[in-house]
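Enquirer: Please see the structure below; I have some questions.
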Amino acid sequence: MFPPAKYGFSKTDVCFNSFHYVILSCRVCMPYITVLRRYLHPCISHGYSNNDYRNNFDEERYVMALRKPFVAGNWKMNNLVGESLALVEALKPLVAGVAAVDMAVCPAYTSLHAVGKALAGTNIQLGAQNAYVKESGAYTGEISPKMLLDVGCAWTIIGHSERRHILGEADAFLNEKLRFSLACGLKVMFCIGELLEERKDGKMESVLERQVVKGLEGMTAADLDNVVIAYEPVWAIGTGETATPDQAEEVHVFVRNLIDKSFGADAASKMRIQYGGSVKPENASDLISRENVDGFLVGGAALKADSFAAIINACA
Ligand code: PGA
19 MFPPAKYGFS
29 KTDVCFNSFH
39 YVILSCRVCM
49 PYITVLRRYL
59 HPCISHGYSN
69 NDYRNNFDEE
79 RYVMALRKPF
89 VAGNWKMNNL
99 VGESLALVEA
109 LKPLVAGVAA
119 VDMAVCPAYT
129 SLHAVGKALA
139 GTNIQLGAQN
149 AYVKESGAYT
159 GEISPKMLLD
169 VGCAWTIIGH
179 SERRHILGEA
189 DAFLNEKLRF
199 SLACGLKVMF
209 CIGELLEERK
219 DGKMESVLER
229 QVVKGLEGMT
239 AADLDNVVIA
249 YEPVWAIGTG
259 ETATPDQAEE
269 VHVFVRNLID
279 KSFGADAASK
289 MRIQYGGSVK
299 PENASDLISR
309 ENVDGFLVGG
319 AALKADSFAA
329 IINACA
């Protein structure tokens, strides 16, 4: 039987050829095995610990894969109920097929109920622009997280620069709002951002650090699962002046490191950091291409269905 001498092969030929085929198969298969290990294994292994994989996997790619972009429209004090409904009805078909991006709209309080109903069963979530720190009671003019949940809100914005600077909301109060909203079951887009003078005076990092540390005080890494940070340089909001992708990336890395210091590498790698400030269809692709830009909080450009949809599609 062996060696098959009738075919002119010696035992040595057969051994050598078999060895050769084994080596060849390994060489052909190895790149596929490496790719599968690198990209699939971390994604299906939720028991991931940064240190376990640091040496074996392309961690940055894994981290990017985990952070689904999140684009939210902050409508501010705009749109009557009819206008709000017309806007979401125009938006719905434009983003109906988008599964790769989380998206939300944050209308004024008066439109929340109607817009919530119009969004039922769609891929667009509902958010509010603010929430108070009590469930109910004698707090004239305020609105509670429970009321927001009741009309279908999944999210609220907390700490927008207009509330910090026009309405004088301070870090400790924003921390209270953030924690109370989470405790009630809302998810929070927590806004931070420096003024132009602060950036010019070299105080940007200390301001952002104060806002992050005080804003997230007393919270756990698990709480952060329901928090998104929105970096919105105040000088870029509604001014038409946008942070460059480099400026946004630099700050997002700085903020992620702050989260790492206080809550650990896992929480930092999972935290979605949106950029906000004059985001438009023209600059969205460049900004989202940066590794640490995980979506947008959009003001003016969210008031038109086509421009908001174009920004969402740039992230898909
Ligand atoms: P803008 O506003 O996009 O109009 O600059 C952003 C925001 O305030 O969230």
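Going by the working numbering, the residue at position 200 of the sequence shown is 218; the numbering climbs one at a time, nothing skipped.
We put the beta carbon where it would ideally sit given N, CA and C, even for glycine.
At what residues does the beta strand (DSSP E) containing Asp-243 begin and finish?
Expert: Stepping through the sequence shown from its first residue, residue 243 is reached at position 225. That residue, Asp-243, is in no beta strand (DSSP E); it is neither H nor E in DSSP.
Enquirer: Who pairs with Phe-281 in a beta bridge, going by DSSP?
Expert: Taking the sequence shown and counting its residues from 1, one reaches residue 281 at position 263. Paired residue(s): none; Phe-281 is not in a bridge.
Enquirer: How long is the line joining the alpha carbons of Glu-107 and Lys-288, rounded to whole angstroms?
Expert: In the sequence shown, the residue the question calls residue 107 occupies position 89. In the sequence shown, the residue the question calls residue 288 occupies position 270. In a straight line, the C-alpha of Glu-107 is about 32 Å away from that of Lys-288.
Enquirer: Rounded to a whole number of angstroms, what is the C-alpha to C-alpha distance between Ser-303 and Gly-236?
Expert: For the purposes of this step, residue 303 is taken as the residue at position 285 of the sequence shown. For the purposes of this step, residue 236 is taken as the residue at position 218 of the sequence shown. Roughly 36 Å separates the two Cα atoms.
Enquirer: Kindly indicate which residue of Ala-320, Met-165 and Val-311 has the alpha-carbon position closest to the one of Cys-333.
Expert: For this step, residue 333 is matched to residue 315 along the sequence shown. Ranking the options by Cα distance to Cys-333, first place goes to Val-311.
Enquirer: For Gly-100, report the span of its alpha helix (DSSP H) as first-last.
Expert: For this step, residue 100 is matched to residue 82 along the sequence shown. From DSSP, the alpha helix (DSSP H) with Gly-100 extends over 99 to 113.
Enquirer: If we count the other Cβ atoms within 10 Å of its Cβ and call it buried at 16 or more, is Met-165 buried or exposed?
Expert: Residue mapping note: residue 165 aligns to position 147 of the sequence shown, counting from 1. Buried, since its Cβ has 16 or more Cβ neighbours within 10 Å.
Enquirer: Run the CB neighbour count on Tyr-157, radius 10 Å, all protein chains shown included, and call it buried at 16 or more, exposed below.
Expert: By 1-based counting over the sequence shown, the position of residue 157 is 139. It is exposed - the Cβ of Tyr-157 has fewer than 16 other Cβ atoms within 10 Å.
Enquirer: Helix or strand or just coil, what does DSSP make of Cys-333?
Expert: Translated into positions along the sequence shown, residue 333 becomes position 315. If DSSP states are grouped into helix, strand and coil, Cys-333 belongs with the helices.
Enquirer: In angstroms with no decimal places, state the Cα-to-Cα distance between Val-151 and Cys-202.
Expert: Translated into positions along the sequence shown, residue 151 becomes position 133. Translated into positions along the sequence shown, residue 202 becomes position 184. One C-alpha to the other measures close to 10 Å.
Enquirer: Just the C-alpha distance for Asn-92 and Gln-292, rounded to the nearest angstrom, thanks.
Expert: By one-based count along the sequence shown, residue 92 stands at place 74. By one-based count along the sequence shown, residue 292 stands at place 274. Distance between the alpha carbons of Asn-92 and Gln-292: 13 Å.
Enquirer: Roughly how many angstroms lie between the CA atoms of Ile-175 and Ala-90, to the nearest whole one?
Expert: Against the sequence shown, residue 175 aligns to sequence position 157. Against the sequence shown, residue 90 aligns to sequence position 72. Rounded to whole angstroms, Ile-175 to Ala-90 spans 10 Å at the Cα level.
Enquirer: Assign His-378 to one of two classes, buried (16 or more other C-beta atoms within 10 Å of its C-beta) or exposed (fewer than that).
Expert: Beyond the ends of the chain as shown, which are 19 and 334, falls residue 378; an answer cannot be given.
Enquirer: Hey, quick one: how far does the beta strand (DSSP E) through Cys-124 stretch, first residue to last?
Expert: Translated into positions along the sequence shown, residue 124 becomes position 106. 120 to 124 is the extent of the beta strand (DSSP E) around Cys-124.
Enquirer: Find the nearest neighbour of Asn-96 within the set Asp-324, Asn-331 and Gly-318, judged by alpha-carbon distance.
Expert: Numbered from its first residue, the sequence shown carries residue 96 at position 78. Residue Gly-318 holds the alpha-carbon nearest to the alpha-carbon of Asn-96 among Asp-324, Asn-331 and Gly-318.
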